[in-house]
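Asks: Taking this note's numbering, the leading residue of the sequence shown gets 18, the next gets one more, and so forth.
Below you'll find the structure I mean.
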Amino acid sequence: LKHQIIFNVAEDSIDDAFTGLNHELMLMPVLNLLNIEMHKHEVLKKEWEEFRDTGDACERALKIYTKNENNIFRELNTAMRTGRTNYASFGFKALHYLITRGIQQINSKRECTDVYRRSKDRFTIEGKTVRAGSFWSSSVSKDLTEYGKETCLKIHTCHGADITFLSFHQKEQEVLIPPYEKFEVIEEKDIMDCNVFYSLTSVGTEMHPIMEFTVRKSVIKTNCVFKCCMKWSLN
């Protein structure tokens, strides 16, 4: 069954890049927050424990994301697409942070690359610029036909990261694109075997910084590591 998916600038999405925040100072509070969130999500807790030997915390989060069978990637992305105005109830604050930082660390030089995305759904693009509104999986291969032939995207990304070395499905050669990267829709001859084809090229970023983390009072025992960039709201 085909669905129609509309892409635009995704104004209501959770899209913070955490610019200007010191990762070393933030890591411990974020992991404390993750522990709180895992108490409410047994699958996330199980997966986090299973991959305790996978690199650092950011790589561990990315590994969990690539495991399609746990459905966490779908839950996370669905919540991100419309969650900005109701961020307090967003249950993946820590995971979102760790995945975002992981992407930034892997592609720290912001190297650009051409990637492809296939779908069994029909994409309709509104306007001349778009954002994913969530984390966006793509591949350096344009031949992953099992993902569909209804819509094909060719994407020139400068903020996505090649996470193949962490992926559960390495043959996919996955490049993960962050929600804050903005793309211009450009005219290009259809180079793929899909019913609908779009070519997107990166034109920078657009984000809405999250100014509040809702956490339990027990998490905060030292000075505010967010350096006034974020406000901690106590329950």
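Yeah, the Cβ is synthetic: ideal placement off N, Cα and C, and Gly gets one too.
Compute the Euclidean distance between the alpha carbons of W153 and R69, then round it to the nearest angstrom.
Replies: In the sequence shown, counting from the first residue as 1, residue 153 sits at position 136. In the sequence shown, counting from the first residue as 1, residue 69 sits at position 52. Roughly 25 Å separates the two Cα atoms.
Asks: What are the boundary residues of the beta strand (DSSP E) that E201 is part of?
Replies: Looking up residue 201 in the sequence shown gives position 184. First-last of the beta strand (DSSP E) with E201: E198 to I203.
Asks: From the DSSP output, read off the bridge partner residues of S151.
Replies: Within the sequence shown, the letter at position 134 stands for residue 151. BP columns for S151 are empty, so no partner.
Asks: Could you check what DSSP says for I116 in three-state terms: helix, strand or coil?
Replies: For the purposes of this step, residue 116 is taken as the residue at position 99 of the sequence shown. Of the three classes helix, strand and coil, the one that applies to I116 here is helix, per DSSP.
Asks: What number of angstroms, rounded off, separates the C-alpha of V26 from the C-alpha of Y82?
Replies: Working through the sequence shown from its first residue, we reach residue 26 at position 9. Working through the sequence shown from its first residue, we reach residue 82 at position 65. Approximately 23 Å between the Cα atoms of the pair.
Asks: Tell me which same chain residues have a C-beta within less than 6 Å of the C-beta of T99, skipping the five on either side of it?
Replies: Position 82 of the sequence shown, counted from the first residue, corresponds to residue 99. Excluding positions up to five away in sequence, the list reads D29.
Asks: Considering only their Cβ atoms, is the gap separating K57 from G119 smaller than 8 Å?
Replies: Along the sequence shown, read from residue 1 onward, the residue named residue 119 stands at position 102. Along the sequence shown, read from residue 1 onward, the residue named residue 57 stands at position 40. No, these two residues do not count as a Cβ contact at 8 Å.
Asks: Tell me the residue span of the alpha helix (DSSP H) that contains K80.
Replies: As a working note, residue 80 is residue 63 in the sequence shown. Note, K80: alpha helix (DSSP H), A74 to T83.
Asks: Taking all protein chains shown into account, decide if V147 is buried (16 or more other Cβ within 10 angstroms of its Cβ) or exposed.
Replies: By 1-based counting over the sequence shown, the position of residue 147 is 130. Its Cβ being crowded by 16 or more others within 10 Å, V147 is buried.
Asks: Quick one: what's got a C-beta closer than 7 Å to E189's C-beta in the same chain, skipping five residues either side?
Replies: If you number the sequence shown from 1, residue 189 lands on position 172. Answer for E189: S156 and L161, listed in chain order.
Asks: Hey, Y104 and V47 are a contact pair by Cβ (cut 8 Å); roughly how many whole angstroms apart?
Replies: Position 87 of the sequence shown, counted from the first residue, corresponds to residue 104. Position 30 of the sequence shown, counted from the first residue, corresponds to residue 47. Not confirmed; about 15 Å, so no contact.
Asks: Measure the alpha-carbon distance for D73 versus H173 and round it to whole angstroms.
Replies: The residue you call residue 73 lines up with position 56 of the sequence shown. The residue you call residue 173 lines up with position 156 of the sequence shown. Cα to Cα, D73 sits roughly 28 Å from H173.
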